[in-house]
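Notes for the one structure printed next.
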Amino acid sequence: MNEYLAIILRSSAVYFFMVIALRLFGKKELSQLNTADVILILLISNSVQNAMVGNDTSLLGGLAAASVLFSINFTLKKLMYKFPKFSDFMQEKPEILIHDGHLDFKSLSKLNITSDELKEAMREHGIEYFKDVKLAMLEIDGNISIISGNQNLKQTYHKRKHIHKSLS
2 MNEYLAIILR
12 SSAVYFFMVI
22 ALRLFGKKEL
32 SQLNTADVIL
42 ILLISNSVQN
52 AMVGNDTSLL
62 GGLAAASVLF
72 SINFTLKKLM
82 YKFPKFSDFM
92 QEKPEILIHD
102 GHLDFKSLSK
112 LNITSDELKE
122 AMREHGIEYF
132 KDVKLAMLEI
142 DGNISIISGN
152 QNLKQTYHKR
162 KHIHKSLS
């Protein structure tokens with residue numbers, strides 16, 4: 002039983018480390034995964050596996066670690082729902098990108114959103130000009146939502162793509 006308590010403690014530590022790491026490095030980076038992101042996730046999962054289960058490669062050891070991860074995740078989601086201040090601490094806030102046709106260059110710069118990326122989101126929402134955007138927001142899940150100035154509102158969905166430019 003002592004072995005399973007160690008798995009529980011190690012799995013909990015890894016979970017909270019990952020929550021903190023994602024908070025520091027930005028959850029928005031995971032809104033749409035590119036090849037490098039998938040490789041990173043696979044390598045992280047492989048690197049922390051032994052930290053969670055140690056030498057116990059049994060079925061019960063793996064199930065214990067998975068159960069702890071699901072339990073912590075479930076508990077955190079319930080706490081975030083029940084305590085708004087805790088939710089504010091755990092999640093980033095939506096950011097205004099365009100308001101009444103005016104771009105918020107400070108937010109765009111802080112979030113590393115290029116004009117090409119913003120124009121792509123606008124096109125996907127059927128909008129051609131910045132002046133036609135009533136409100137554009139980068140949501141907490143990394144999606145860009147856009148409301149146009151015209152009354153024919155339609156719902157569309159845009160996942161933020163991450164363009165990595167080489168340093169040349």
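The sequence shown begins at 2 in this note's numbering and counts up one residue at a time. Beta carbons are placed, not taken as given, at the ideal position from N, Cα and C, and that holds for glycine.
Exposed unless 16 or more other CB atoms sit within 10 angstroms - verdict on residue i
{"i": "Leu25", "result": "exposed"}
{"i": "Tyr82", "result": "exposed"}
{"i": "Leu139", "result": "buried"}
{"i": "Ala122", "result": "buried"}
{"i": "Ile114", "result": "buried"}
For residue i: DSSP bridge partner residues
{"i": "Met138", "result": "Ile97, Ser146"}
{"i": "His103", "result": "His100"}
Cut-off 8 Å between Cβ atoms - residues of its own chain near residue i, not counting five sequence neighbours on either side
{"i": "Ser170", "result": "Nothing can be reported for residue 170: it is not among the residues displayed for the chain, which extend from 2 to 169."}
Closest by C-alpha distance to residue i, when choosing among the options
{"i": "Ser108", "options": "Gly102, Asp117, Ile97", "result": "Ile97"}
{"i": "Ser146", "options": "Thr115, Ser110, Ile99, Gly62", "result": "Ile99"}
{"i": "Phe71", "options": "Glu4, Gly143, Ile9", "result": "Ile9"}
Span separating the alpha-carbon of residue i from that of residue j
{"i": "Phe106", "j": "Thr36", "result": "29 Å"}
{"i": "Phe131", "j": "Leu112", "result": "18 Å"}
{"i": "His103", "j": "Ala137", "result": "10 Å"}
{"i": "His165", "j": "Val39", "result": "Any reading at His165 must be qualified, since the residue scores a pLDDT of 45, below 50, and its modelled position is unreliable; no value is offered."}
{"i": "Leu77", "j": "Tyr16", "result": "11 Å"}
{"i": "Arg11", "j": "Asn47", "result": "15 Å"}
{"i": "Ser68", "j": "Phe18", "result": "17 Å"}
{"i": "Asp89", "j": "Leu80", "result": "11 Å"}
Heavy atom of the ligand FMN within 6 Å of residue i beta-carbon
{"i": "Leu109", "result": "As presented, the structure is devoid of all ligands, the ligand FMN included, so that no description of it is given."}
Spatial neighbours of residue i in its chain, beta-carbon cut-off 7 Å, leaving aside the 5 residues before and after
{"i": "Val20", "result": "none"}
{"i": "Gly62", "result": "Ile8, Val54"}
{"i": "Gln50", "result": "none"}
6 Å Cβ shell around residue i - same chain, five flanking residues per side excluded
{"i": "Glu93", "result": "Ile141"}
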